[in-house]
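Pasting the structure below:
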């Protein structure tokens, strides 16, 4: 008859003080509430799955189960462990894969772990992707995160499941908009689709702003031939007994067109700085009008 062994039957008991958390663990911090809940479970039921450790020459170093180790503090003096013969890098990779499967690493922890694996083993993006069972795009995004601004990386050190949103926000150069989006990602877990819509609208508005400014600069340098021709016609009309005001009619002068673009530009900047969904949509519509030149006709 075959007996099925539970994980604890393969474990040995080891004093907790002989076990050390690994400095190479991808996960750098644990939420106190999370540890408190687990500590209460350990107090009632004990540790149901053994910790995995490796001997590093002086101590037994955790390769899996650090959260249980922290939660057992003050509750258990001896812990069930399985001693493994694995290298430091093998332990590091397994810890990373385990945490990725639970999706509880922050953006900063994911990116740092990917960089370390690449640098320590000299692996390519494809090799890292295969090792971690991820796509090359996933690995590339983590490497791109390492090049983002300090404000993005600061938020990334505290949030999970927000990598794509953080990379989008890094495209925004306006401090007010950038800061608002980062706050909402951290405090309200702003959905990625919403982040994308708002970033796209902002970038479109910025393009419109640049085009409007370019239009104004060019128009200030070039002669206003439309107004000049109307004034010339008015001068001819005066000889026929008509006032200049009666003859100078038609479409807006270049100065008037410029003023309209400037007003639109001011409204655009106000809307973009406001940062909410409705005003972003208004800014996007106005930006498209400026880009098409509708306001200057």
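Residue numbers (our numbering): 186 to 482. Beta carbons are placed, not taken as given, at the ideal position from N, Cα and C, and that holds for glycine.
Closest residue to residue 240 among 271, 333 and 260 (Cα-Cα distance)
Residue 240 sits at position 55 when you count from the first residue of the chain shown. Answer by Cα proximity: 271.
C-beta atoms of residue 383 and residue 366 nearer than 8 Å:
Residue numbering aside, residue 383 sits at position 198 when the chain shown is read from its first letter. Residue numbering aside, residue 366 sits at position 181 when the chain shown is read from its first letter. A contact, by the Cβ cut-off of 8 Å.
Taking buried to mean at least 16 other C-beta atoms within 10 Å of its own C-beta, is residue 243 buried or exposed?
By 1-based counting over the chain shown, the position of residue 243 is 58. Burial call: exposed.
What does residue 245 pair with, by DSSP beta-bridge criteria?
Translated into positions along the chain shown, residue 245 becomes position 60. Note: residue 245 sits in a beta bridge opposite 204 and 240.
Counting along the chain, where does the alpha helix (DSSP H) carrying residue 313 start and finish?
Along the chain shown, read from residue 1 onward, the residue named residue 313 stands at position 128. Segment 310-317, the alpha helix (DSSP H) holding residue 313.
How many Å lie between residue 320 and residue 199 at the Cα?
Indexing the chain shown from 1 puts residue 320 at position 135. Indexing the chain shown from 1 puts residue 199 at position 14. Roughly 39 Å between the two C-alpha positions.
Residue from 228, 375 and 224 whose Cα sits closest to the Cα of residue 251
Start at 1 with the first residue of the chain shown, and residue 251 comes out as number 66. Of the listed residues, the one whose Cα sits closest to residue 251 is 224.
Other residues of its chain near residue 332: CB distance less than 7 Å, five sequence neighbours each side excluded
Taking the first residue of the chain shown as 1, we reach residue 332 at position 147. For residue 332, where only same-chain residues beyond five positions count, there are no Cβ hits under 7 Å.
Below 7 Å CB to CB, which residues in the same chain sit around residue 256 once its five sequence neighbours on both sides are set aside?
Here the question's residue 256 lines up with position 71 in the chain shown. Here the set comprises 220, 223, 224 and 227.
In angstroms, rounded to a whole number, what distance separates the CA positions of residue 357 and residue 282?
Position 172 of the chain shown holds residue 357. Position 97 of the chain shown holds residue 282. The straight-line gap from Cα to Cα measures roughly 32 Å.
DSSP state of residue 291 mapped onto helix, strand, coil:
Indexing the chain shown from 1 puts residue 291 at position 106. In the structure shown, residue 291 sits in a strand (DSSP, three-state: E or B).
Output the distance between the C-alpha atoms of residue 398 and residue 285, rounded to the nearest integer angstrom.
For the purposes of this step, residue 398 is identified with residue 213 of the chain shown, where counting begins at 1. For the purposes of this step, residue 285 is identified with residue 100 of the chain shown, where counting begins at 1. One C-alpha to the other measures close to 47 Å.
Enclosing alpha helix (DSSP H) for residue 326 [first to last residue]:
Locating residue 326 in the chain shown gives position 141, counting from the first residue. Note, residue 326: alpha helix (DSSP H), 321-330.
Sorted by chain position, which residues of the same chain lie with C-beta nearer than 7 Å to residue 330's C-beta, five sequence neighbours on each side aside?
If you number the chain shown from 1, residue 330 lands on position 145. Excluding sequence neighbours, residue 330 sits near 292, 296, 341, 348, 351 and 352.
What does a CB cutoff of less than 8 Å around residue 425 pick up in its chain, not counting 5 residues either side in sequence?
As a position in the chain shown, residue 425 is number 240, starting the count at 1. Since pLDDT at residue 425 reaches only 45, below the 50 mark, its modelled position is unreliable, and the value read off the structure follows with that caveat. Closer than 8 Å at Cβ, skipping near neighbours: no residue.
Rounded separation between residue 260 and residue 201 - CA only
To locate residue 260, count along the chain shown from 1; it is residue 75. To locate residue 201, count along the chain shown from 1; it is residue 16. Each residue's alpha carbon lies about 10 Å from the other.
Since residue 313 and residue 268 are thought to touch, with beta carbons under 8 Å apart, how far apart are those beta carbons, to the nearest angstrom?
Your numbering for residue 313 matches position 128 in the chain shown. Your numbering for residue 268 matches position 83 in the chain shown. That pair is no contact at about 28 Å.
How would you call residue 280, buried or exposed, if buried means at least 16 neighbouring beta carbons within 10 angstroms?
In the chain shown, residue 280 corresponds to position 95, counting from 1. Classification for residue 280: buried.
Output the distance between the C-alpha atoms of residue 235 and residue 265, rounded to the nearest integer angstrom.
Here residue 235 is taken as the residue at index 50 of the chain shown, counted from 1. Here residue 265 is taken as the residue at index 80 of the chain shown, counted from 1. Approximately 5 Å, taken between the alpha carbons.
Given residue 278, which residues of its chain have a CB within under 7 Å of its CB, disregarding the five upstream and five downstream residues?
Position 93 of the chain shown, counting from 1, holds the residue named residue 278. Excluding residues within five positions, the ones whose Cβ falls inside 7 Å are 302 and 316.
Could you check if residue 309 is buried or exposed, using at least 16 other CB atoms within 10 Å of its CB as the buried criterion?
Your numbering for residue 309 matches position 124 in the chain shown. Result: exposed.
How would you call residue 324, buried or exposed, if buried means at least 16 neighbouring beta carbons within 10 angstroms?
Position 139 of the chain shown, counted from the start, is the residue given in the question as residue 324. Label assigned to residue 324: buried.
So what's residue 267 in DSSP terms, helix, strand or just coil?
As a first step, residue 267 must be located in the chain shown, where it is residue number 82. Residue 267 falls in the strand class under three-state DSSP.
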